[in-house]
Amino acid sequence: MLTKTRRIPRQLLRSKLLVSFLPEAVELRQVKYLNNLIEQDHRFIKRLTKPGMGFFSFETAWRTLQGFEMMNMLRKGQVQGVDKGDVKGQVTLIAKLFGVAA
13 MLTKTRRIPR
23 QLLRSKLLVS
33 FLPEAVELRQ
43 VKYLNNLIEQ
53 DHRFIKRLTK
63 PGMGFFSFET
73 AWRTLQGFEM
83 MNMLRKGQVQ
93 GVDKGDVKGQ
103 VTLIAKLFGV
113 AA
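Going by the numbering used here, the sequence shown opens with residue 13, and the numbers climb by one from there.
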């Protein structure tokens, strides 16, 4: 994903130097609305992390952000076996995963 300020010309993307550093799975998205969809999905995470004092270690940041992403996916109905809006199913899944009483 490239923002307006960080555009990379096609010739540079196809150059051998840049291709050697990028994994094969990297895909150039030039359709603006696809980038907007990704940014909209991350807006929820940004809203949760901004008021905090930041993370003191990479491990803490990784685990916290993974938890935020998982809860966001659960809320949006993107988890297989739990429907969107099924609060009881969401609570049951969290109880199973983390071993907490519902």
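Using N, Cα and C, we set each Cβ at its ideal position, and we do this for glycine too.
For clarity, every value in this text was computed on a predicted model and none was experimentally measured.
Report all residues from its chain with a CB closer than 6 Å to the CB of isoleucine 118; omit the five preceding and five following residues, and keep chain order.
Residue 118 lies beyond the range of the chain shown here (13 to 114); nothing can be said about it.
Between which two residues does the alpha helix (DSSP H) holding lysine 108 run?
99 to 110
Just mark methionine 13 as buried or exposed, buried being the case when its beta carbon has 16 or more other beta carbons within 10 Å.
Reliability of the predicted coordinates at methionine 13 is poor, the pLDDT of 49 falling under 50, and the value obtained from them is presented with this limitation in mind. Under this definition methionine 13 is an exposed residue.
How long is the line joining the alpha carbons of leucine 86 and valine 112, rounded to whole angstroms?
17 Å
Name the two residues that bound the continuous alpha helix (DSSP H) containing alanine 37.
Segment: none, alanine 37 is in no alpha helix (DSSP H) and carries neither H nor E.
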